[in-house]
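So that you can map any letter, position 4 of the sequence shown is -10 in my numbering, and since no number is skipped, the others follow by simple counting. Positions of the beta carbon are idealized from the N, C-alpha and C atoms, including for glycine.
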Amino acid sequence: MVIISLKVLPTGGWCVCRSRITLFSNMQLGPAITLARELARDEYHRSGRGIRVEMPGPDLPIVLARYAEDAAPSDGDALAA
């Protein structure tokens, strides 16, 4: 699963990261959340891979969006000709 995370900067701004790579920085929280969700949705629609958006919480990360991986259709899901 791919994780897009929001991280707070020492200056008080926020950055949007994928793995350990900062994609965007020095953003306000609202626009950073919106952008991270858009990135996740686009990635999911392009690749079908599972993806999650999270930000730091008091104890555990807070999940802001989650897109599940596409499941392969089983034999029972196939239509008969």
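- Comparing alpha-carbon positions, the option among I(-10), I7, S11 lying closest to T(-3) turns out to be S11.
- In its chain, beyond the 5 residues on either side, G(-1), W0, C1, V2, L21 have a beta carbon closer than 8 Å to the beta carbon of M13.
- The beta carbons of Y53 and A26 sit about 6 Å from each other, so the pair counts as a contact at 8 Å.
- Between G43 and R35, the alpha-carbon positions lie close to 25 Å from each other.
- In this structure M41 is buried. Its beta-carbon is surrounded by 16 or more other beta-carbon atoms within 10 angstroms.
- The shortest C-alpha to C-alpha distance from R4 to any of E29, D45, L(-5), I48 is the one to E29.
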